[in-house]
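Only one structure is covered here, and it is reproduced in the block below.
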Amino acid sequence: MTDRALVVVRAGALTTVQDRGRPGYAHLGVPRSGALDPPAAELVNRLAGNPPDAAVLETTLSGCALRPRSAVTVAVGGAPCRVSVDGRPAAWAAPVRVPAGALLDVGPAVRGVRSYVAVSGGFAVDPVLGSRSTDLLSGLGPDPLTDGTVLPLGPEPDPVTAYPRVDVAPQPCPPDELVLRVTLGPRDDWFTAEAVRAFTTRAYRVSAAGNRIGLRTEGVALERARPGELPSEGMVLGAVQVPPDGRPVVFLADHPTTGGYPVIGVVRTADLPAAAQAVPGTPVRFVAVRRR
Amino acid sequence: MRALPVGDDALLIDVASGQDAEALHAELVRRRAEGLLSVREIVPAARTVLLDGLSDPGRLAAELTAADVPPAPARARDAVEIPVRYDGPDLAEVAAHWGVSPREAARIHAATEFRVAFCGFAPGFGYLTGLPSRYDVPRRATPRTAVPAGSVALAGPYTGVYPRSSPGGWQLIGTTDTVLWDHTRVPAALLAPGTRVRFVPEGRVGAV
């Protein structure tokens, strides 16, 4: 029996295993999945001495608590939160040594939505199509954590050959206002000129109904210039789809690979990590930019 | 053919028909296999092909709209055979829509050579074309909350097989035990865009 494992003591509202996802299978209907805030996931891996693509945990608002069976180095980043080991405060966004059997508590997000937890060796659940990510749209990868789940860990990184570790790292603050740069199209011509103007000038808010599939917004409904249905077409990460209620939805990592609602614009990939950390109620502005 | 830019590194190629989309998809897959095209995803759909992860979408857009696309190759490899029992709860309704008996509807379906036009909805779910347009059927007015895995179903111009149990609004005409998706298998998906498919009747047609 190996002790390279940890027990989930408190799973939190929604905690999943994530890595860089499984791009390259969209033609089979497989979403890309992966961490919603990839820079945060890479950073906690660096802090824990892991390669940047090792599997980490992604929490949602309420954190989680874990008990490793052997001594490990952990790092918590992304959404700021309190971290403790056996009740004693520990550092956030820095490497923390957790003894075997000790309780690591990752508190609720103080700001932002998703905290990331890297453990030295990475989470060694079985990969599906090359990725350990949980895909909530199609159910690929491990199930979301539940209390009592035992997660296997990879071998402790060899200090000689391990990735160079960093001891502390600055991280962007979750946004008070989410500014999303968008390039218009491919289906902006399905909307009235007034709707396109409203989309890029009016204030929206992050809706509580969002998830790993999409960031939903509330605000002025965007009116279509033409009736009818668009035949299903391929969708990209960051696509802003407008369902019949007229409220823009920004597609995140678990988005469907094809869709039938028109895409008015596409958010720059670099702006999506902030979108993943925007709490419900955060003001959103879509700013039209020219294609690079 | 129109090439619509999508974000900074993708193109949506809009074509006139499903057949054109299949031909363009086959051509793009061929170019990638020959090292002439560097792209992360090639996603065919009903009337479009999406190219995602391009380094220079503008140049490719100009090149593609200037190029002639040969028709999709007819016989790339043998057809996948899917044994089916034509016992679906909507077979009679589909047959009535076609103006034939359930037995004849099953015969028509089994005599058709299908091709996977594109995938979507769920991993391993293929949209199969091949039935003449006079056999198009509407979706059910009220979708079912749970369609069993292995259901062979029709909607619009398409036939599909549910890889796993899920909600669905397609008309169920039959059942298969064939596993459409198994992530431990290589390839995981039995049906990929361009795959030819035949349904082979098993047992008594119309048996319930």
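So the sequences go chain by chain: A and B. Going by my numbering, the first sequence opens with residue 4, and the numbers climb by one from there. Going by my numbering, the second sequence opens with residue 2, and the numbers climb by one from there. Beta carbons are placed, not taken as given, at the ideal position from N, Cα and C, and that holds for glycine.
For Val88 of chain A, same chain residues with a beta-carbon under 6 Å away, outside a window of 5 residues either side, are Val101, Ala105 and Leu107 in chain order.
Residue environment: Glu28 of chain B is assigned as buried (16 or more neighbouring CB atoms within 10 Å of its CB, all protein chains considered). Chain-order list of chain A residues neighbouring Phe126 of chain B: Gly32, by C-beta distance under 7 Å. DSSP, reduced to helix, strand and coil, places Gly19 of chain B within a helical segment of the structure shown.
Shown here, Pro90 of chain B sits in coil according to DSSP, grouped into three states, outside any helix or strand. Chain-ordered, the chain B residues with CB closer than 8 Å to the CB of Gly188 of chain A read Leu5, Pro6 and Val7.
Any Cβ of chain A closer than 8 Å to the Cβ of Pro45 of chain B would place that residue at the interface, and such an atom is present.
Taking 9 Å as the Cβ-Cβ cut-off, the segment 47-60 of chain B approaches chain A at Ala47, Arg48, Thr49, Val50, Leu51, Leu52, Asp53, Gly54, Pro58 and Gly59, given in chain order. Using a C-beta cut-off of 8 Å, the segment 224-236 of chain A makes contact with the segment 174-193 of chain A, since at least three inter-stretch Cβ pairs fall below that distance.
A residue is called buried when at least 16 other Cβ atoms come within 10 angstroms of its Cβ; Ser152 of chain B meets this threshold and is buried. Between Gly80 of chain A and Val47 of chain A, the gap from beta carbon to beta carbon is short of 8 Å. Per DSSP, Ile216 of chain A is not a residue of any beta strand (DSSP E), being assigned neither H nor E. In terms of beta-carbon proximity, Glu236 of chain A lines the interface with chain B, with at least one pair separated by less than 8 Å. Fewer than three pairs of CB atoms, one per stretch, sit closer than 8 Å, so the segment 205-217 of chain A makes no contact with the segment 14-25 of chain B. Beta-bridge partners of Arg227 of chain A (DSSP): A:Phe194. As far as DSSP is concerned, Phe202 of chain A takes part in no beta bridge. Measuring C-alpha to C-alpha distances from Ala111 of chain B to each of B:Gly157, B:Glu35, B:Glu203 and B:His184 identifies B:Glu203 as the nearest. Under the Cβ distance rule, Pro102 of chain A does not count among the residues neighbouring chain B, no pair being separated by less than 8 Å. For the segment 65-76 of chain A, the set of positions with a beta-carbon nearer than 7 Å to some beta-carbon of chain B is empty. The CB of Arg145 of chain B never comes closer than 8 Å to any CB in chain A; the least such distance is about 19 Å. Beyond the five residues adjoining it in sequence on each side, Thr177 of chain B comes within less than 7 Å, by CB distance, of Ile83, Pro84, Val85, Gly151, Val153 and Val162 in the same chain, given in chain order. Under the Cβ criterion of 8 Å, Thr261 of chain A is counted among the residues facing chain B.
Looking from the CA of Asp129 of chain A, the closest CA among A:Pro175, A:Leu143 and A:Val185 belongs to A:Leu143. Within the segment 114-193 of chain A, the complete beta strand (DSSP E) segments of 3 residues or longer fall at 118-122, 153-155 and 181-187, listed in chain order.
Glu82 of chain B sits in a strand when the DSSP states are folded into three classes.
Using a CB distance cut-off of 8 Å, Glu23 of chain B does not count as an interface residue toward chain A.
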